[in-house]
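First comes the structure, then the notes that go with it.
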Amino acid sequence: MGERRPETSAEADGTAELFVALGKMVKFLRERKGLTQKEFGELVGYGPDAVSSMERGVRTLRPEVLLKADELLDAGGLLKEVLPEVEAAMAKTRTRHPEWYRSYAGLEAEAVELHFYANNGVPGLLQTEEHAQVVFAKRRPFLSEETIEKRVADRLSRQQVLERWPSPIVSYVLEEVVLDRPIGGRSVHMNQLRRLLSVGRMQNVEIQVMPTQVEEHPNLDSAFNLLVPKGHGQVAYTETQGYPRLITDPEEVRKIADRYGIMRAVALSPSESRKLIEQKLEEL
């Protein structure tokens, strides 16, 4: 039986080649400057995974990154010169996701608020590239290598919503088991925990952990997302066994939002959650 949710080509908008070329230029300039991906990332405010993705054209090189890179890498105005083309390409780029997901992805990209409850795995916007690669590679039924690469690229592309300006308000409630499941092995899992700590330090993001030992829980059902699209009321999104559902009925959304509010009150505070993640990282 074929894949129920067909992919749409990421190259259909004609912009992929531009970002691949820019990524190669930045990589050349970085290496000429003698900087590692980690060192360069620290200078521009990104982790080494994100820099790697940018240099391979998987993740969009945003104008503000190009501006910093032009100065830091002694590009002499070369990277600044292409900013108009980059901005035009970003405006042209369509959401690179399976057809079934596009209605939600479009709302997510422009949302003013994003709230997530995860009870099984790390949410997509928080995943490292390595973690996402393992998630899709181990999926059943198996995906082709090409589809895995597209899914990973699309997931990383979505993560740019966290860095958008004006910044959306973002919160997460993660079950403690999400921190304990070593997807991809020790090294991949350690980097994933570091990613949680890094994102959790962003001004517009709060990450809370729901301890496994809590005796009362308002939601023993599936994971869900809540978002407030720009200019619209709050909606909810759930997915169970590959069947997505975008919930717009105000009463249904209100009930889910109510459960989420109770969970935030019961979960560890953001600072307590950071300490727990740091503790689990030290124990690995």
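Per our numbering, numbering of the sequence shown is gapless, rising by one per residue and ending at 295. Ideal Cβ positions, reconstructed from N, Cα and C, are used throughout, including at glycine. Here the structure is a predicted model, which is why all the values come from computation and not from measurement.
Alpha-carbon spacing of residue i relative to residue j, whole angstroms
i	j	result
L72	E226	46 angstroms
R166	R70	9 angstroms
R285	P59	21 angstroms
L154	L94	36 angstroms
A278	L287	12 angstroms
H126	R265	13 angstroms
A100	K91	15 angstroms
S168	P74	15 angstroms
E283	L137	19 angstroms
R175	V37	21 angstroms
F51	R41	7 angstroms
S280	G88	45 angstroms
P222	S64	33 angstroms
L190	Q170	20 angstroms
M274	T47	41 angstroms
E96	V76	15 angstroms
E156	E262	42 angstroms
G135	R162	11 angstroms
P177	A61	21 angstroms
P179	I159	28 angstroms
L185	R43	41 angstroms
P240	I267	16 angstroms
Residue closest to residue i, alpha-carbon to alpha-carbon, out of the options
i	options	result
A129	E98, S182, R285 and F153	S182
A143	Q203, V188 and S178	Q203
G117	L257, D232, E263 and L287	L257
Q245	P134, A100, G45 and Y115	Y115
N236	R67, L154, A122 and P152	A122
E28	G52, V37, G68 and K44	G68
F39	L287, K49 and E66	E66
L33	L54, E250 and A86	A86
G196	V145, A164, N230 and Q171	V145
A276	D232, H228, K241 and L292	H228
R192	R270, K291 and I159	K291
T249	S233, P261, K241 and H243	S233
E293	G272, H200 and G132	H200
R270	L295, N230, Y57 and G45	N230
Sheet register partners of residue i (DSSP bridge)
i	result
S182	H126 and E217
G246	The residue you asked about is not Gly; residue 246 is Val in the sequence shown. Bridge partners of V246: L238.
L257	Y248
N-terminal and C-terminal residue of the alpha helix (DSSP H) that residue i is part of
i	result
N202	R197 to G211
R5	Any answer about residue 5 is impossible in this case: the structure gives the chain only from 12 up to 295.
E227	No alpha helix (DSSP H) contains E227, which DSSP labels as neither H nor E.
E293	P281 to E294
F30	A27 to K44
D85	Run containing D85: none; DSSP gives neither H nor E here.
I296	Nothing in the structure corresponds to residue 296, since the chain is present only between 12 and 295.
K304	Any question about residue 304 goes unanswered here, given that the chain covers just 12 to 295.
S233	Run containing S233: none; DSSP gives neither H nor E here.
V144	Residue identity check: residue 144 is Gln in the sequence provided, not Val. Looking at the DSSP string, the run of the alpha helix (DSSP H) that includes Q144 is E140 to A148.
E66	P59 to E66
V189	E187 to D191
Rounded Cβ spacing between residue i and residue j (contact assumed at less than 8 angstroms)
i	j	result
E140	L208	Contact doesn't hold; Cβ gap of about 17 angstroms is too wide.
V210	L238	Rounded, the Cβ-Cβ distance is 17 angstroms, inconsistent with contact.
L83	L54	5 angstroms
V220	E187	6 angstroms
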